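J.: Could you have a look at this structure, given as structure tokens, before my questions?
Number of protein chains: 2
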Amino acid sequence: MAEHLLRCDSCAVRHRAVCGALERDEVARLSAIAHHKLLPPGQVILHDNAEMHYFANIVSGVVKLTKTLADGRQQIVGLQFASDFLGRPFRANSPYHAETVTDVHLCTYDKGQFERLVKEIEGFEHRLFQNTLDELDSAREWMLLLGRKSAGEKVASFLLMVARRMESIGCKVSDDPERPRFNLPLSRAEIADFLGLTIETVSRQISRMKVDKIIALEGTRTISILDMQRLMAAMEQERD
Amino acid sequence: MAEHLLRCDSCAVRHRAVCGALERDEVARLSAIAHHKLLPPGQVILHDNAEMHYFANIVSGVVKLTKTLADGRQQIVGLQFASDFLGRPFRANSPYHAETVTDVHLCTYDKGQFERLVKEIEGFEHRLFQNTLDELDSAREWMLLLGRKSAGEKVASFLLMVARRMESIGCKVSDDPERPRFNLPLSRAEIADFLGLTIETVSRQISRMKVDKIIALEGTRTISILDMQRLMAAMEQERD
DNA sequence: CGTTGACTTGAACGATATCAAACAGGGTGG
DNA sequence: CCACCCTGTTTGATATCGTTCAAGTCAACG
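Quick mapping for you: the protein sequence lines, in order, are chains P and G.
For the numbering used here, count along the first sequence from 1 and bump the result up by 2.
For the numbering used here, count along the second sequence from 1 and bump the result up by 2.
Structural data, given as structure tokens:
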């Protein structure tokens, strides 16, 4: 038990994850049912429409939630980073597919045991609820992007969103706050699936921003934002 | 008090709204803080980014939630029908704009009083939570539509969605289950804002379905679905 | 009737998709 | 160490779908 406590005390995402709201002894109870899981990229966590057997906090790495049409067209409907919660309490199965994008470190909880704790621990469900409201806000933000933004605006918004998330979980490669530098967790194909575009269009927009000196690339995954002002302007208002 | 109970007992949406989960005496407490509000179309319920002062159940009518870009481009990010809940418990303000689309009958609750009840009534927050998970599912379903479906598929999906909602709240005009007939609550402009298209494209797609004998129109708002099979096929797979 | 606003229809244009080829980096086997 | 793929990415040419701009229709209403 003391050991469990210790584990959570040293957890990198402890204060930002849903468990952050818990009291010390409650954390211990949660910790007692926690199991750690390390997954390589491309691992399926949840099949579309399948039953879920566990919940999880993401300790590190990135997970994508996707939906697919009959003919194979795919859309990423959610991107989860360190400290995000995976799973739908009190729901039997998932309406989407969840898959690791990078190496992922999960802190998992058996479904039944977790739901029992949620009922027993005062305020825990409240925290999960508020977390879901945040997810809903992000989803709706993304609906605006998907329905109304141009390709250039979409890519700019995406880069900024990733930059912010990477920053907040301390994964930035650089230390100049004005010129963030980070590794893109997604491939071009995945970015396209997230933005409702094709690979080629994503690539062209990124190339254009490179030519325009808004960003710089090292290899294909490491991005530096050179001109934050213009990137933010490009997010809502495509220049001609 | 008895009067309040009575009011809820005869409520059209009582069993499907979030209050449907409550015990008899709990309904009475909720009823005690309820106020009814009748609004004409085009009335703003919530300003983007403004503070919310009340929650509400929709008793009848349709409400749209929208987000707008700096230059005026708009996206409907949620469409709420009778029995849907409006508001974000324990959040100070709203990240989107809510506006009536038709005549709307609301059953409203003061924010503070409602939140107190949520804390006091066992299982009430749970119900609100599950309701929010449903909203999240719808939002993600719509992300797939916005990002990956063609104009024709979008319009077909929209008609089917409205048909289903109208049916479930008993607003269908016809009684043949194979050939639903109903009034569109949205104008062409609103449909366009919901689907991420222009008015003209929406109009053309509807005209095409009319020529193809998949639907029939009376005036501009009343729709009959003539061929449910083909409408459902058109939803996911655009014919050439 | 004439006006207004919502909708439809048509023609031209443009953004993004599609198709196709070239390119780059990283691993493998020789 | 190099030749060879393999996969992901970039770039180019063309096609297509949906937008834009512009009329035209229609019903409601003064």
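Cβ atoms here follow ideal geometry from the backbone N, Cα and C, with glycine treated the same way.
Bear in mind that the values here come from a model prediction, so they are computed numbers and not experimental data.
Please identify the residue among G:202, G:200, G:179, G:166 whose C-alpha is closest to the C-alpha of residue 186 of chain G.
T.: The shortest Cα separation from residue 186 of chain G among G:202, G:200, G:179, G:166 belongs to G:166.
J.: Can you tell me the Cα-Cα spacing of residue 133 of chain G and residue 211 of chain G, whole angstroms?
T.: Their backbone Cα atoms lie some 34 Å apart in a straight line.
J.: Which residues of the region 89 to 105 of chain P have a Cβ closer than 7 Å to any Cβ of chain G? Give them in chain order.
T.: If the cut-off is 7 Å between Cβ atoms, the region 89 to 105 of chain P has 90, 92, 93, 97, 98 near chain G.
J.: Listed in chain order, which residues of the region 131 to 156 of chain G have Cβ atoms closer than 8 Å to some Cβ of chain P?
T.: Within the region 131 to 156 of chain G, the residues whose Cβ lies closer than 8 Å to some Cβ of chain P are 131, 132, 134, 135, 137, 138, 139, 141, 142, 143, 144, 145, 146, 148, 149, 150, 151, listed in chain order.
J.: Leaving out the 5 sequence neighbours to the left and right, which residues in its chain are closer than 8 Å to residue 205 of chain G when beta-carbon positions are compared?
T.: So the qualifying residues of the chain are 190.
J.: Taking 8 Å as the CB-CB cut-off, is residue 244 of chain P touching chain G?
T.: Because residue 244 of chain P is not part of the residues shown, which for chain P are 3 to 242, the question remains open.
J.: Whether or not the region 27 to 36 of chain G and the region 109 to 118 of chain G are in contact is what I'm after, with contact meaning three or more pairs of Cβ atoms, one per stretch, closer than 8 Å; do they touch?
T.: The region 109 to 118 of chain G, when compared against the region 27 to 36 of chain G, does touch it at the 8 Å Cβ threshold.
J.: Starting from the beta carbon of residue 128 of chain G, find every residue of chain P whose beta carbon is closer than 7 Å, and list them in chain order.
T.: Simply 127.
J.: For a contact defined as C-beta to C-beta under 7 Å, what are the partners of residue 2 of chain P on chain G?
T.: No answer is possible for residue 2 of chain P: it lies beyond the span of chain P, which begins at 3 and ends at 242.
J.: Using beta carbons (cut-off 8 Å, strictly below), is residue 122 of chain P in contact with chain G?
T.: False, the Cβ-Cβ gap to chain G never drops below 8 Å.
J.: Distance, Cα to Cα, residue 199 of chain G vs residue 153 of chain G?
T.: Going from the Cα of residue 199 of chain G to the Cα of residue 153 of chain G covers about 7 Å.
J.: Could you check which residue in G:230, G:73, G:76, G:126 has the C-alpha nearest to that of residue 87 of chain G?
T.: Residue 87 of chain G has its Cα closest to that of G:126, out of G:230, G:73, G:76, G:126.
J.: Which whole-angstrom value is the C-beta distance of residue 78 of chain P and residue 192 of chain P, which I expect to be below 8 Å?
T.: Their Cβ separation, rounded to whole angstroms, is 7 Å, which keeps residue 78 of chain P and residue 192 of chain P in contact under 8 Å.
J.: Along the region 12 to 41 of chain P, what residues have a CB closer than 9 Å to any CB found in chain G?
T.: Result list empty, no residue passes.
J.: Ignoring anything shorter than 4 residues or poking outside the region 101 to 170 of chain G, list the alpha helix (DSSP H) runs there in chain order.
T.: Fully enclosed alpha helix (DSSP H) runs of 4 or longer: 113 to 122, 126 to 150, 153 to 170.
J.: Based on the DSSP output, what are the partners of residue 82 of chain G in its beta bridges?
T.: G:65.
J.: Straight-line CA distance for residue 123 of chain G to residue 89 of chain P?
T.: Spanning the two alpha carbons is a distance of roughly 25 Å.
J.: Pick helix, strand or coil for residue 195 of chain G, following the three-state DSSP scheme.
T.: Three-state DSSP puts residue 195 of chain G in a helix.
J.: Does the beta carbon of residue 273 of chain P come closer than 8 Å to any beta carbon on chain G?
T.: No statement about residue 273 of chain P is possible, as the shown extent of chain P runs from 3 to 242 and does not include it.
J.: Going by CA-CA distance only, name the one from P:221, P:234, P:58, P:178 that's closest to residue 41 of chain P.
T.: Of P:221, P:234, P:58, P:178, the residue nearest in Cα terms is P:58.
J.: Use the C-beta contact count for residue 19 of chain G: other C-beta atoms within 10 angstroms, 16 or more gives buried, fewer gives exposed.
T.: Buried, by the Cβ-count rule.
J.: Any beta-carbon of chain P closer than 8 Å to the one on residue 119 of chain G?
T.: No, residue 119 of chain G lies away from the interface with chain P (no Cβ there is under 8 Å from its Cβ).
J.: Quick one: grab the DSSP three-state call for residue 35 of chain P.
T.: Coil, per DSSP.
J.: Taking the beta carbon of residue 25 of chain G as the centre, do at least 16 other beta carbons fall within 10 Å, making it buried, or is it exposed?
T.: Exposed is the call here.
J.: Given that a residue counts as buried once 16 or more other Cβ atoms are within 10 Å of its Cβ, and exposed if not, what is residue 53 of chain G?
T.: Classification for residue 53 of chain G: exposed.
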